[in-house]
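Chemist:
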Ligand code: ADP
Ligand code: MG
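Numbering (this note's numbering), first residue to last: 128 to 817.
1) Expressed to the nearest angstrom, what Euclidean distance is found between the alpha-carbon atoms of residue 490 and residue 671?
2) Taking residue 521 as the reference, give the member of 499, 504 and 184 with the closest Cα.
3) Assuming residue 567 and residue 514 form a contact by the criterion Cβ under 8 Å, report the distance between their Cβ atoms to the nearest whole angstrom.
4) Name the residue from 323, 178, 225 and 444 whose alpha carbon lies nearest to the alpha carbon of residue 248.
5) Regarding residue 135 and ligand 2, is the C-beta to nearest heavy atom distance less than 7 Å?
6) Got a sec? Which residues, its chain only, sit under 6 Å from residue 134 by beta carbon, not counting five neighbours each side?
7) CB of residue 325 to nearest heavy atom of ligand 2: below 7 Å?
8) For residue 667, count the other beta carbons within 10 Å of its own beta carbon; 16 or more makes it buried, fewer makes it exposed. Which is it?
9) On a CA-only basis, which of 178, 740 and 653 is nearest residue 825? Give me that one, please.
10) At a threshold of 7 Å, does residue 193 count as lining ligand 1 (C-beta to nearest heavy atom)?
11) Ordered along the chain, which non-local residues of its own chain (more than five positions away) have a Cβ less than 6 Å from that of residue 644?
12) Using 10 angstroms around the beta-carbon of residue 156, count the other beta-carbons present and answer buried if the total reaches 16, otherwise exposed.
13) On the DSSP letters alone, give me the boundaries of the alpha helix (DSSP H) that residue 389 sits inside.
14) State the DSSP-derived secondary structure class of residue 564, mapped to helix, strand or coil.
15) I want to check one thing, is the minimum distance from the CB of residue 338 to the heavy atoms of ligand 2 below 7 Å?
16) So for residue 556, helix, strand or coil by DSSP?
17) Do you know how far the Cα of residue 252 is from the Cα of residue 774?
18) Please name the residue in 572, 793 and 303 whose C-alpha comes closest to that of residue 531.
19) With DSSP as the reference, label residue 525 as helix, strand or coil.
20) If you follow the beta strand (DSSP E) that residue 736 is part of, which residue opens it and which one closes it?
21) Three or more C-beta pairs under 8 Å: does that hold for the stretch 745 to 760 against the stretch 730 to 737?
22) Let me confirm a value: residue 93 is counted as buried when at least 16 other C-beta atoms fall within 10 Å, else exposed. Which label applies?
23) Do residue 442 and residue 483 come within 8 Å of each other at the CB atom, strictly closer than that value?
24) Using a Cβ-Cβ cut-off of 6 Å (strictly less than) and excluding sequence neighbours within five positions of residue 577, which residues of its own chain qualify?
25) Would you say the beta carbon of residue 263 is closer than 7 Å to some non-hydrogen atom of ligand 1?
26) Considering Cα atoms alone, identify which of 309, 473, 564 and 627 is closest to residue 510.
27) Is it a yes or a no for the stretch 270 to 284 touching the stretch 372 to 379, going by three-plus beta-carbon pairs under 8 Å?
28) Would you identify the three-state DSSP class for residue 749, choosing helix, strand or coil?
29) Consider the C-beta atom of residue 222 and the heavy atoms of ligand 1; say whether any pair is separated by less than 7 Å.
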């Protein structure tokens, strides 16, 4: 791009020195007398380099000569670089950069660029010639704190060296302060698009910065995090927790406006609005919002887009508190102007809205359900629990409900935000964060509009409750994402950094399956907490246990080492002749109900075990039809989380799983190890049961 340009060494040096970052070297004209004087003044040995802004890797074309010990070597070096530059097709240099030869040390990289969603993105990692090959760096966003940089460093292999891997620890403070300064520099100079400090040669004490690249261009501004006005917060709160609901576009059964009435019949103050109907589904129908007996907490709109804009204003005028706009025909089809009008009205009247182009809100505590999918085609959950879901896609939101339902799980609240021209993910997260009925939050996210607001609110919410995220559009899907929700997909590195700094659990598995997140939520809300990640794996038949153990260790869990007591008890139980008690434990195919239950009880008591995973072949002859009920009772008395995976796909296995789920005892197949791993981390971090 023509508007991007590398600034020259002296300018870059001046800029960095303003931020207390000392750059090694001086510019000198290409005359041997002058060069020699500068070298004398710096003190041999010196390093001679080209001073061109055009070359990204100076050493690649032989334009860096190190360890020059005297005037004679200097003269040769000048000749050599002149030659190499000519060979590479560049003009003769008028100026050279001369530096004192830095003592050898460990080469670190600190780099930065401007991210349009999150602001400055800083990376720290291994530096030198092999940066691209090693790819050892960690990102951070925004104005970094000491804690942020420490964590970034700890995520890299370079961090291990800095901490003294096979040697003395290096000056970490220096890297922390440089990274913090660079984040400030980038935040205060939005026209500095990129900075590369590579390498920073790091020592036990201090550093030498021998190469800098600073790219300047058209400034990239990032929106600041807006405060959510109190009135809007209250309005959003009414939308998510309404007592009275008007349905603008109410209709007969079979139409969208009819499905919603049916879904919301638990709400006592339900007001259908449709000028053509007097009664609908046994309820009095109102001609317009002006005829309503009271100003409702929420208006659900499902008329055409132009009509919505008009009716929304009428709704605001009668004192309606908040809106859910299900209708499509807005930004997603190129009518951003209609979204803009909604937003303008929303700001004018202080009335928040969700949507447009969404499935809206489910609140199982009050009975609100604006999803317009026919009941017999999807799954409806009515029993509430502490799970809150926010989804940028209505379809994925629906799938998540179906996935929960298949295990007979409960659901507290779910919001599908659609275009989110009004209240976006961050505002809803803020609301659920303060909601005492919600204990754990899952988000399906594609892109965010205001990265800094998302980060700030995230930091606040994750102090109180865990937030899980699955992100669409991390790979080739990014473009589809942009048109899908008419919002901007953030760069993945920046997004990862945001998740880490906010304390979100980003589920990175590239799976087509949101079930990973659903199973984390299920494990968290149906088990007591664990206080570590030492798992015991119990299997009926060896193979399944071995496969699970491999996956468990691969995803970072530890296999528990049983206490002597446990080992002996297990040996007695299985009547094994030799000492028995490895993990995974195979309790063998001739296992009966008593043996299985007893094995679990023994392991539940072992202080060296934090959680239990069981792989059970219900098919074997001596496990009985009465086992499921006994498992349910046992689980109630257990102190540790237990994940039960009935193996196989026979009708008997399926019906038993269904039976167990109806007893609020979800069982698991794939995916379960990754979800368990995340659940263990969350229990450890929050130290409580959800
Ligand atoms: P480029 O990255 O454009 O190839 P550098 O200025 O980073 O050029 O030089 C390449 C390598 O040469 C550095 O990674 C470092 O190992 C070494 N080097 C450069 N300058 C010095 C110096 N002043 N002292 C010691 N080594 C240096
Ligand atoms: Mg370099």
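Every residue gets a Cβ at the ideal spot worked out from N, C-alpha and C, and that includes glycine.
Modeler: The answer reads as follows:
1) About 40 Å.
2) 499
3) The pair is a contact, with the Cβ atoms about 6 Å apart (cut-off 8 Å).
4) 323
5) Every heavy atom of ligand 2 is 7 Å or more from the Cβ of residue 135, so no.
6) Around residue 134: 341 and 343.
7) Correct: residue 325 has its Cβ closer than 7 Å to ligand 2.
8) buried
9) Absent from the structure is residue 825, since the part of the chain shown begins at 128 and ends at 817.
10) yes
11) 569, 595, 597 and 634
12) exposed
13) 383 to 390
14) coil
15) yes
16) helix
17) A straight-line Cα-Cα distance of about 44 Å links residue 774 and residue 252.
18) 793
19) In the structure shown, residue 525 falls within a helical segment according to DSSP collapsed to helix, strand and coil.
20) Element bounds for residue 736: n/a, residue is neither H nor E.
21) no
22) As shown, the chain starts at 128 and ends at 817. That puts residue 93 outside it, with no answer to give.
23) no
24) Correct list, in chain order: 350.
25) Result no, Cβ not under 7 Å from ligand 1.
26) 564
27) Between the stretch 270 to 284 and the stretch 372 to 379, the count of Cβ pairs shorter than 8 Å is below three; the stretches do not touch.
28) coil
29) no
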